[in-house]
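Let me begin by presenting the structure, written as structure tokens, before commenting on it.
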Amino acid sequence: MNRTTAKWLLILAVLLLLAGRTAAAPSPSEDHFAYGSVSAPAQPGQRSLAQDRVSLDEAAAMVRRQTGGRIIKASSRSSNGRTVHFIRVLTRDGKVFTVRVDAASGRVL
1 MNRTTAKWLL ILAVLLLLAG RTAAAPSPSE DHFAYGSVSA PAQPGQRSLA
51 QDRVSLDEAA AMVRRQTGGR IIKASSRSSN GRTVHFIRVL TRDGKVFTVR
101 VDAASGRVL
């Protein structure tokens, strides 16, 4: 194998390794929703028809920051024109609890 071929094979190998790392990297919000199903907006940043001020992703991030726990499930429910985000959290000491967040105000209920 000549030097030029070896050089190109090395460059190709490095590029393939880098491409593999990028494909395997978790998305920014993947750690929020490691388990369970998520009913999030179809597009990032998309709001519901009621124009909620706090999206499901924002509510989950807020709860994660406040509790220091891991989000295991997040969903939204609407009733009478009011949307509430339900965020299930696993704390560091192994306890699981649900935090309800008002989508209009961002207030924890």
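According to the numbering used here, the residues represented by the sequence shown are 1 to 109, in order. By construction, the Cβ of each residue, glycine as well, lies at the ideal position given by its N, Cα and C atoms. Remember, it's a predicted structure, so these values are computed and weren't measured experimentally.
Next on the checklist: For A103, tell me which candidate among A61, L15, A60, S55 has the shortest Cα-Cα distance.
Outcome noted: For A103, the nearest C-alpha among the options comes from S55.
Checklist entry - Which whole-angstrom value is the C-beta distance of S69 and V89, which I expect to be below 8 Å? => result In the sequence as presented, Ser is not what sits at residue 69; that position holds Gly. Approximately 4 Å separates the beta-carbon atoms of G69 and V89; this is inside 8 Å, confirming the contact.
Item to check | According to DSSP, residues forming a beta bridge with R3 | outcome: In the DSSP output, where bridge partners are listed per residue, R3 has none listed.
Item to check | Residue of F86, R64, H85, K7 minimising C-alpha distance to R92 | outcome: R64
Checklist entry - Going by DSSP, which residues form a beta bridge with V84? => result R77, D102
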